[in-house]
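Number 711 marks the last residue of the sequence shown (the numbering used here); no jumps. The beta carbon of each residue, even a glycine, is placed where N, CA and C say it ideally should be.
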Amino acid sequence: MLFVFDSSTLIAIRENYLRSTGLFKHFWGWLLGHMHSGRIIVPAAAFKELQDKKPEGDEFFNILVEENIPPRKLDAAIREQIKGIQKVLEPVKHKLSKGDRQIMATAKALGATLVTEESQETPPPLGSSKPYKMPGACQLAGIDVKCLNMRKFLIEIAKERSCRPNELL
């Protein structure tokens, strides 16, 4: 299974699993290993969002650069999905940036699960004044992208292997 990470997830990882302390070195090794293998994908839009956070870029952006983890660039399949997503979103109120739509399209084109810290488990009803966020928009017919937060991602990925108590992922 492939996973596409939104910048909000990468920022949450940086804030909650402090790399500089050394306490989470196994987690960071595991995470970066999955990024190197292509199992965890950082779309170009998320990469750019991190780069644009501060004049020198977000700390996670610098980690990606140091670790030679390239962003997943737009290709024909992703561009095609962007068009489809834009069509689905035309009639609904949403707060999705161009980058958000590219991140969703990357997940859809790759058949991947989108991991984001945005919250909206229940999408607003059609015609509502409440705007869609990524998790809600992912549930719309025609988009249909599985969307998890970091906690649910860790639970799901732990199911793939048998973990003994106190074993690090």
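Following the DSSP letters along the chain, one finds Leu606 inside the alpha helix (DSSP H) bounded by residues 601 to 608. Going by C-alpha positions, Gly653 is about 24 Å away from Leu592.
Ile583 sits close to Arg614, with the two beta carbons spaced by under 8 Å.
By alpha-carbon distance to Met676, the top candidate from Asn604, Ala647, Gly564, Leu574 is Ala647. Here DSSP, grouped into helix, strand and coil, assigns Ile555 to helix.
When C-beta atoms of the segment 636 to 651 are compared with those of the segment 676 to 691, three or more pairs fall below 8 Å, so the two segments count as touching.
In the structure shown, Leu631 adopts helical secondary structure according to DSSP, grouped into three states.
With a 10 Å radius around the Cβ and a threshold of 16 neighbouring Cβ atoms, Ile697 comes out exposed. If you draw a 10 Å sphere on the C-beta of Glu663, you find fewer than 16 other C-beta atoms in it, and that means exposed. For a cut-off of 8 Å, the C-beta gap from Glu601 to Leu574 is around 14 Å, too long to register as a contact. Rounded to the nearest whole angstrom, the CA to CA distance from Ala619 to Ser671 is 32 Å. In the structure shown, the three-state DSSP call for Leu544 is coil.
Cα atoms of Lys567 and His578: separation of roughly 16 Å, rounded to the nearest angstrom.
Judged by DSSP in its simplified three-state form, Thr664 adopts coil rather than helix or strand. Bridge partners of Ile583 according to DSSP: Val546.
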